[in-house]
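Asks: Structure incoming, see below.
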Amino acid sequence: MIDFVKAELLKVRTTRLWVGMAIGAVGLTGVSTVLFLALSNSANAQASGVRPILTTEDLRTLVFQASGTLAFVLVLAATMATAEFRYGTASGTYLAVPSRVRVISAKSIAASIVGLLYGVAAATMTVVIAVIWLAIVGRSVPVGASVIAAIGQEGLRCAYGAALAVGVGAALRSQLVAILGLLGWLFIVEPLGVALLPRFAKFMPFAGVGGAFGHGSESAVLFGWAGSLALAVVWVASVWASAVSLERQRDV
Amino acid sequence: MSSPADAAPAIEASALTKRFGSTVAVDGLTFSVPHGSVTGFLGPNGAGKTTTMRMLLGLAHPTSGTASVLGRRYEQLERPLASVGAALETTGFHPGRTARSHLRVLCVEGGVPADRVDPVLERTGMSAFATVKVGEYSLGMRQRLAFAAALLGDPSVLVLDEPANGLDPAGVAWLRGFLRRFADDGGAVLVSSHLLTEVAEVADRVVVIDRGKLLAENSVEALVHAGGESVVVRTPDAAGLTLAVRNAGGTVQDGADGTLSIRGIPIERVGELAASAGIVLHELRRETATLEQAFLALTAPEMPG
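Going down the list, the sequences are from chains V and E.
Here the first sequence is numbered in my numbering, starting from 1 and rising by one per residue.
Here the second sequence is numbered in my numbering, starting from 1 and rising by one per residue.
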């Protein structure tokens, strides 16, 4: 399995999509961080819930608020699965590795590793920008363990999203449908669900598992940390099993 | 190449059937490909050749029947790339990846040593283009890269779908020579092609299918022989000769360039018939059926009665 994961990571490294997605994720997170920091002292922003960065806890919150990585990770991970069908490379992959369970598992693990790296990199950048910004304005906020944990949580959230996106991509096969579906779900369906059907939204794959990764509105989080993590595992396992089941039945 | 010691066929299809809804793409197909031979896999467009090859390689699931390579289902091969090399399509490449990267990925996936990449690139004439992205390749270059991928694991069996497509004449000649040497060294090749003259030159055996059904499985020689001989005649009195031949029990068809194609009686008898009827002949020669003619005779659609 390690070789198969290595092969999937090599596939990512030998095309340029990961560079574009990294630039997008880091760029969006950087811009978002600067905007939060610039606006955080204004009365209007504070009225809408943006807090000035005064404590380690504020810095931790900023890591989550400024994150723009997940969407890019979803696109990259979905593409890791769907590009095989878009470009016809699935035949070569299955000739080398006939087990579809192994291929989808390797893709899921590889995508999670990539997602983890993206999430950690972007969250670290948020902290670095914030520390420099605060130093320039003459304020010092210690980077405590909770901020380090937040960076890790952001990485895990992106790893989780990547595993889901690979499963969705493998199940749907169509790159356009998978990407539009994932982004539509993330930016339209779930926010509407949280607002209109909070009872059901608590089980949704992103809002519902926010508690495990430090995200999500409190009203949307039904479960505690462990419960959210369990829900995340259920979602990943369900999507993986669906993708494997479909893929095993289908011709390439 | 590892030379298999057992006498079992390298590839075996048994009652292989594939349905897509109500359409039967492959219908109870049974054939085998022995070691040490090149087997041409022939059939008109839509005959089911590619579907059959995909079933042999585990890419498509048979509705019924079995397909085995080296005595096992493809999925059961421990290191498939080291057993079977397959080139099924020229579109199976990421356009943003280079040839070397494509082959490196396959090496890692297939457990093939990475130092195999450069030799197969060189062998297929792709060394100069190893760092060029596949999106910039011509059809012939893609074909060569597909072939390089097939050779990566140094397999003893090759399954090739239209490998000569897009190759220049030198490339076709190289491919022909390579397949011949590969088979002579004990390897087994199943190669589909619509270039029947190419198949005739390199193949030992042919499997002919149409509408998913097996029409013939034989040596090229036997298939061509079964197509029979004809006598080609050019004469200014075609009507008179036609009448004489038919009275003698032969059949006559209009051939190309105003010739007559006569079957059912030997060339000597045709000459005698013409002489006794006082018919002038401008040309009289024996014509042996080609693989193409034998193929067309096998796959010709039935005329409504």
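Virtual Cβ for every residue (Gly too), placed ideally from N, Cα, C.
1) Could you check whether the Cβ of Ala7 (chain V) sits closer than 8 angstroms to any Cβ belonging to chain E?
2) Does Ala67 (chain E) come out as helix, strand or coil in the three-state DSSP assignment?
3) Taking Cβ positions only, does Phe4 (chain V) come closer than 8 angstroms to chain E?
4) Whose C-beta lies closer than 6 angstroms to the C-beta of Glu198 (chain E) among residues of the same chain, with five residues either side of it excluded?
5) Would you tell me roughly how many angstroms separate the C-alpha atoms of Gly58 (chain E) and Leu172 (chain V), rounded to the nearest one?
6) At a cut of 8 angstroms, does the stretch 105–122 of chain V reach the stretch 67–75 of chain V through at least three beta carbon pairs?
7) In three-state DSSP terms, what is Asp118 (chain E)?
8) Select from the stretch 81–93 of chain V all residues with a C-beta closer than 7 angstroms to any C-beta belonging to chain E, and list them in chain order.
9) Given that a residue counts as buried once 16 or more other Cβ atoms are within 10 Å of its Cβ, and exposed if not, what is Val19 (chain V)?
10) If you pair each beta-carbon of the stretch 147–159 of chain E with each one of the stretch 90–108 of chain E, do three or more pairs fall below 8 angstroms?
11) Between Val97 (chain V) and the rest of its own chain, which residues show a CB-CB distance below 7 angstroms, the 5 nearest in sequence each way excluded?
12) Assuming Glu57 (chain V) is part of the alpha helix (DSSP H), what are its boundary residues?
13) Taking only the alpha-carbon atoms, compute the straight-line gap between Val189 (chain E) and Thr39 (chain E) and give it to the nearest angstrom.
14) State the Cα-Cα distance for the pair Ser226 (chain V) and Glu57 (chain V), rounded to the nearest angstrom.
15) Whose C-beta lies closer than 7 angstroms to the C-beta of Ala130 (chain V) among residues of the same chain, with five residues either side of it excluded?
16) Please name the residue, chosen from E:Gly135, E:Ser22, E:Thr63, E:Gly21, that lies closest to Ser14 (chain E) on a Cα-to-Cα basis.
17) What's the gap between the Cα of Ile262 (chain E) and the Cα of His282 (chain E)?
18) Checking contacts by CB at 8 angstroms: is Thr91 (chain E) closer than that to chain V?
19) List the whole-angstrom C-beta distance separating Thr29 (chain V) from Ala66 (chain V), where the pair is believed to meet the contact cut-off of C-beta under 8 angstroms.
20) One question on the structure: do Leu156 (chain V) and Phe213 (chain V) come within less than 8 angstroms of each other, judged by their Cβ atoms?
21) For Asp251 (chain V), which residues in chain E fall below 8 angstroms Cβ to Cβ?
22) CB-CB under 6 angstroms to Leu160 (chain E), same chain, minus the five flanking residues each way: which ones, in chain order?
23) If contact is defined by three or more beta carbon pairs under 8 angstroms, each pair taking one atom from either stretch, is the stretch 46–58 of chain E in contact with the stretch 207–226 of chain E?
Replies: According to the structure shown:
1) Position 7 of the first sequence, counted from the first residue, corresponds to residue 7 (chain V). Cβ-Cβ to chain E under 8 angstroms: yes for Ala7 (chain V).
2) Walking along the second sequence from the start, residue 67 (chain E) turns up at place 67. Reduced to three states, the DSSP call for Ala67 (chain E) is strand.
3) Translated into the one-based positions of the first sequence, residue 4 (chain V) becomes position 4. Answer yes: the Cβ-Cβ gap between Phe4 (chain V) and chain E drops below 8 angstroms somewhere.
4) Locating residue 198 (chain E) in the second sequence gives position 198, counting from the first residue. For Glu198 (chain E), where only same-chain residues beyond five positions count, the Cβ hits under 6 angstroms are Ala164.
5) The sequence position of residue 58 (chain E) within the second sequence is 58, counting from 1. The sequence position of residue 172 (chain V) within the first sequence is 172, counting from 1. Spanning the two alpha carbons is a distance of roughly 21 angstroms.
6) yes
7) Within the second sequence, residue 118 (chain E) is the residue found at index 118, counting from 1. In the structure shown, Asp118 (chain E) sits in a helix (DSSP, three-state: H, G or I).
8) Ala83, Tyr87, Gly88, Thr89, Ser91, Gly92, Thr93
9) For this step, residue 19 (chain V) is matched to residue 19 along the first sequence. Exposed: under 16 other Cβ atoms inside 10 Å.
10) yes
11) Your numbering for residue 97 (chain V) matches position 97 in the first sequence. Contacts found: Phe4, Val103.
12) Taking the first sequence and counting its residues from 1, one reaches residue 57 (chain V) at position 57. It spans 56–65 - the alpha helix (DSSP H) in which Glu57 (chain V) sits, taken as one unbroken run.
13) Mapped onto the second sequence, residue 189 (chain E) falls at position 189. Mapped onto the second sequence, residue 39 (chain E) falls at position 39. For Val189 (chain E) and Thr39 (chain E), the distance between alpha carbons rounds to 6 angstroms.
14) As a working mapping, residue 226 (chain V) is identified with position 226 in the first sequence. As a working mapping, residue 57 (chain V) is identified with position 57 in the first sequence. Residue identity differs from the one stated: residue 226 (chain V) is Ala in this sequence, not Ser. Roughly 21 angstroms between the two C-alpha positions.
15) For this step, residue 130 (chain V) is matched to residue 130 along the first sequence. The answer, listed in chain order, is Thr33, Leu37, Ile53, Leu59, Leu62.
16) On the second sequence, residue 14 (chain E) is found 14 positions in, with the first residue counted as 1. When only C-alpha atoms are compared, the closest one is E:Thr63.
17) Counting from one through the second sequence, the residue named residue 262 (chain E) turns up at place 262. Counting from one through the second sequence, the residue named residue 282 (chain E) turns up at place 282. Taking the straight line from one Cα to the other gives about 15 angstroms.
18) In the second sequence, counting from the first residue as 1, residue 91 (chain E) sits at position 91. Chain V contact via Cβ: present.
19) What you label residue 29 (chain V) is simply residue 29 of the first sequence in a count that begins at 1. What you label residue 66 (chain V) is simply residue 66 of the first sequence in a count that begins at 1. Yes, they are in contact, since the Cβ atoms of Thr29 (chain V) and Ala66 (chain V) sit about 6 angstroms apart, within 8 angstroms.
20) Here residue 156 (chain V) is taken as the residue at index 156 of the first sequence, counted from 1. Here residue 213 (chain V) is taken as the residue at index 213 of the first sequence, counted from 1. Yes, the pair counts as a contact, with Cβ atoms nearer than the cut-off.
21) Walking along the first sequence from the start, residue 251 (chain V) turns up at place 251. The contacting residues are Arg54, Leu59, Ala60, His61.
22) Reading the second sequence from its first residue, position 160 is the one you call residue 160 (chain E). Ala87, Val191.
23) yes
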